[in-house]
Amino acid sequence: MKVAVIGTGHVGLVTCVTFANIGHDVVGTDVDSEKIELLTRGVSPFFEPGLEDAIKTETSSGRLSFTLDAAGALAEAEVVFICVGTPARADGEANLVAMEQTASQIALHAHDDVVVVEKSTVPAGTADRVRTTLQREGKGLRFHMASNPEFLREGMAIHDALEPDRIVVGVESARGLEVLRRLYAPLLEAGAPLIVTDIRTAELAKHASNAFLALKISFANALARVCEHAGADVTMVADIMGADPRIGRAFLNAGLGYGGYCFPKDVAALKHLSERFGYPFPLLSEVERLNEEAVEAVAAKLREALWNLEGKRIALLGLAFKPDTDDVRFSPALSLARLLLASGAQVVGCDPRAAGAAKDELPELELANDVYEASTGAHALVIGTEWPEFRGLELSHLHELMTYPLIVDGRNLLDPADLVGSGFWYYPTGRPPVIPETSRPEGGSDDESRRAPAPRQPTPLR
Ligand code: UGA
Numbered sequence: 003m004k005v006a007v008i009g010t011g012h013v014g015l016v017t018c019v020t021f022a023n024i025g026h027d028v029v030g031t032d033v034d035s036e037k038i039e040l041l042t043r044g045v046s047p048f049f050e051p052g053l054e055d056a057i058k059t060e061t062s063s064g065r066l067s068f069t070l071d072a073a074g075a076l077a078e079a080e081v082v083f084i085c086v087g088t089p090a091r092a093d094g095e096a097n098l099v100a101m102e103q104t105a106s107q108i109a110l111h112a113h114d115d116v117v118v119v120e121k122s123t124v125p126a127g128t129a130d131r132v133r134t135t136l137q138r139e140g141k142g143l144r145f146h147m148a149s150n151p152e153f154l155r156e157g158m159a160i161h162d163a164l165e166p167d168r169i170v171v172g173v174e175s176a177r178g179l180e181v182l183r184r185l186y187a188p189l190l191e192a193g194a195p196l197i198v199t200d201i202r203t204a205e206l207a208k209h210a211s212n213a214f215l216a217l218k219i220s221f222a223n224a225l226a227r228v229c230e231h232a233g234a235d236v237t238m239v240a241d242i243m244g245a246d247p248r249i250g251r252a253f254l255n256a257g258l259g260y261g262g263y264c265f266p267k268d269v270a271a272l273k274h275l276s277e278r279f280g281y282p283f284p285l286l287s288e289v290e291r292l293n294e295e296a297v298e299a300v301a302a303k304l305r306e307a308l309w310n311l312e313g314k315r316i317a318l319l320g321l322a323f324k325p326d327t328d329d330v331r332f333s334p335a336l337s338l339a340r341l342l343l344a345s346g347a348q349v350v351g352c353d354p355r356a357a358g359a360a361k362d363e364l365p366e367l368e369l370a371n372d373v374y375e376a377s378t379g380a381h382a383l384v385i386g387t388e389w390p391e392f393r394g395l396e397l398s399h400l401h402e403l404m405t406y407p408l409i410v411d412g413r414n415l416l417d418p419a420d421l422v423g424s425g426f427w428y429y430p431t432g433r434p435p436v437i438p439e440t441s442r443p444e445g446g447s448d449d450e451s452r453r454a455p456a457p458r459q460p461t462p463l464r
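For the sequence shown, my numbering assigns the number 3 to the initial residue and increments by one for each residue that follows.
Printed below as a string of structure tokens:
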């Protein structure tokens, strides 16, 4: 089938390579000429595992091409996927200007019986707006509206697209459903479950899914605060809760909280949408508040341990919003860096992929090439993103390099058992800390000034 994809961001590009991979003829378009130039040379504009190889494979097979000429791409297409950005405005409302502009373009250039599919994450009711624009500007164009939300995780996007746990299609005509079934036939035959519904339900289900995942994370973070007072271990609590299939273990990892381009934006957009309907959905405001509190809790631990943050050097391991991506948008690690910098600390960050992007976003941040360079002279080391690379830290080497042997694990990446006897003061999130038996660790320095001041022990709740 001939497919046009408007917008070559994360969602659009993965959509392009997925449909090309399953045998369709795909043209990706974008208004960004630099991006199109990179893509035509087979270069991905951002890091996503497997994406660049997939772009190269599919463009050389002839099934995928990229163009600035949206009119040409639309004139040929049986199906058009709208994958443009829907960023948050200052008040949380989704900015749908790009959606409207795309609808106008489709109205001008698409041919009759085209199926117009919304893939961008949008508030329920957006397809109605797109439909109205197509009717007003399409000069009698016959078209079929549909919604087909994506559930791709950055870092796993190709896998999630080719082996989806559900394909959701919101349709309003038999033709719309028939075309989408045909388009997804190879994945459906391979066993992907298809859920057919109306368009507004499909739109809302996407926001609801992301908001619920964010809620699970905030629940785990609130529990972490309680566990720290009660002397319990939040990771075990989550394991025990998660053993119940009605709850599930996923997304109950306490830490610095959620970030990235999707969760913060989608929680805010769902909240805004419900407020517009006269239902304020206060639970979502609490999810957001707890997410901010998660970052503040790590900053508070550092303040407690280091007394004054002014002039203290803090090594921040991990800057991306999660591992396996170079994306720092709404990264909790960067939110923490901002708090620490505002308190007068010197923050030295390192990240396997996101260092450059982090520096662009936060120029005051210093960068180091690796963990050991970042930790040299540091008064504390903080784990901000759980990159697997940070798991095997050489603790004795770090102990020699750091000014104070203090680790605050904002992602519960390290195994507390490995820290016992290391001479480090180790503060995980929602788990009991590991404190050296004596303040003069075996093989450590005799210099009392290097002893890490221990944060005050939380008072157990009675
Ligand atoms: C998320 C959803 O998982 C996808 O299903 C969805 O399609 C996508 O948004 C989207 O709307 O496009 P993504 O933003 O790539 O995907 O990232 P996640 O893997 O969901 O992680 C989001 C954030 O939550 C990260 O900052 C991560 O560190 C944090 N997180 C995740 C936790 O703090 N704890 C957890 O237990 C899980």
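Glycine is no exception: its CB is placed at the ideal position from the N, C-alpha and C atoms.
Option nearest residue i by Cα separation, candidates the options
i       : options                            : result
Glu-60  : Ala-22, Thr-431, Gly-14, Glu-368   : Ala-22
Glu-165 : Glu-388, Ala-187, Glu-402, Glu-54  : Ala-187
Gly-537 : Arg-305, Asp-328, Asn-414, Ala-347 : The requested residue 537 is not part of the displayed model; the chain covers only 3 to 464.
Gly-9   : Arg-65, Ala-75, Phe-426            : Ala-75
Val-29  : Phe-49, Ile-84, Asp-55             : Ile-84
Cys-352 : His-161, Gly-157, Ala-376          : Ala-376
Phe-221 : Val-436, Ala-347, Arg-155, Val-289 : Val-289
Pro-334 : Gly-142, Leu-292, His-274          : Leu-292
His-399 : Ile-219, Phe-253, Tyr-374, His-12  : Tyr-374
Thr-88  : Leu-383, Leu-272, Pro-434, Glu-396 : Leu-272
Ala-72  : Phe-49, Leu-53, Ala-204, Ala-109   : Ala-109
Leu-196 : Gly-233, Arg-202, Val-173          : Val-173
Ala-301 : Leu-383, Leu-416, Arg-155, Arg-355 : Leu-383
Ser-345 : Asn-310, Ala-92, Leu-98, Glu-368   : Asn-310
Arg-278 : Thr-20, Asp-326, Asp-93            : Asp-93
The ligand UGA heavy atom lying under 7 angstroms from the CB of residue i
i       : result
Thr-128 : no
Lys-37  : no
Phe-214 : no
Tyr-260 : yes
Thr-88  : no
Cys-18  : no
Arg-155 : yes
Asp-268 : yes
Gly-257 : yes
Thr-199 : no
Cys-85  : no
Cys-229 : no
Ile-385 : no
Phe-49  : no
Lys-324 : yes
Thr-123 : yes
Phe-392 : no
Glu-152 : yes
Pro-407 : no
Cys-352 : no
One or two residues paired with residue i in a DSSP bridge
i       : result
Gln-348 : Arg-315
Val-5   : Val-28, Val-81
Ala-96  : Ala-90
Val-145 : Residue identity differs from the one stated: residue 145 is Phe in this sequence, not Val. Note: Phe-145 sits in a beta bridge opposite Val-116.
Ser-67  : Val-29
Glu-368 : Val-350
Leu-196 : Ile-169
Tyr-1   : With the chain covering 3 to 464 only, the question about residue 1 has no answer from this structure.
Cβ separation of residue i and residue j, assumed to be a contact under 8 angstroms, to the nearest whole Å
i       : j       : result
Gly-379 : Arg-315 : 6 angstroms
Gly-262 : Lys-324 : 7 angstroms
Gly-44  : Ile-24  : Actually they are not in contact, since the Cβ atoms of Gly-44 and Ile-24 sit about 20 angstroms apart, beyond 8 angstroms.
Pro-125 : Ala-96  : 5 angstroms
Ala-357 : Leu-318 : Between Leu-318 and Ala-357 the Cβ distance is about 11 angstroms, and since that is not below 8 angstroms, they are no contact.
Leu-179 : Met-3   : Contact doesn't hold; Cβ gap of about 14 angstroms is too wide.
Asn-150 : Val-171 : 5 angstroms
Leu-338 : Gly-412 : 7 angstroms
Thr-253 : Leu-215 : The sequence shown places Phe at residue 253, not Thr. Contact holds; Cβ gap of about 5 angstroms.
Leu-189 : Ile-169 : 7 angstroms
Gly-157 : Pro-51  : 6 angstroms
Pro-434 : Asp-235 : 7 angstroms
Arg-202 : Gly-280 : Rounded, the Cβ-Cβ distance is 17 angstroms, inconsistent with contact.
Leu-154 : Val-16  : 6 angstroms
Glu-152 : Val-13  : 5 angstroms
Tyr-429 : Pro-418 : Not confirmed; about 10 angstroms, so no contact.
Ser-106 : Glu-78  : The Cβ separation is near 19 angstroms, so there is no contact.
Within-8 angstroms CB hit, residue i to chain C
i       : result
Ala-299 : Looking at the structure shown, chain C is missing, and only one protein chain is on hand.
Could you check whether the segment 263–280 touches the segment 195–214, counting it as contact only if at least three pairs of C-beta atoms, one from each stretch, sit closer than 8 angstroms?
Two segments are said to touch when three or more pairs of C-beta atoms, one from each, lie closer than 8 angstroms; by this definition the segment 263–280 touches the segment 195–214.
Taking contact to mean 3 or more Cβ pairs, one atom from each stretch, closer than 8 angstroms, check whether the segment 357–365 and the segment 392–400 are in contact.
Inter-segment contact for the segment 357–365 and the segment 392–400 is absent: fewer than three beta-carbon pairs are separated by less than 8 angstroms.
Any 3 or more C-beta pairs closer than 8 angstroms across the segment 396–410 and the segment 418–430:
Cβ pair count under 8 angstroms is three or more, so yes.
Contact between the segment 253–260 and the segment 290–299 is defined here as three or more beta-carbon pairs at a separation below 8 angstroms; is this criterion met?
Three or more pairs of CB atoms, one per stretch, sit closer than 8 angstroms, so the segment 253–260 contacts the segment 290–299.
Between the segment 78–93 and the segment 108–127, do at least 3 Cβ pairs fall closer than 8 angstroms?
When C-beta atoms of the segment 78–93 are compared with those of the segment 108–127, three or more pairs fall below 8 angstroms, so the two segments count as touching.
Taking contact to mean 3 or more Cβ pairs, one atom from each stretch, closer than 8 angstroms, check whether the segment 104–119 and the segment 139–151 are in contact.
Yes, since at least three Cβ pairs between the segment 104–119 and the segment 139–151 fall closer than 8 angstroms, the two stretches touch.
Touching or not, the segment 154–164 and the segment 132–140, by the rule of three or more beta carbon pairs under 8 angstroms?
With the cut-off at 8 angstroms, the segment 154–164 and the segment 132–140 do not touch.
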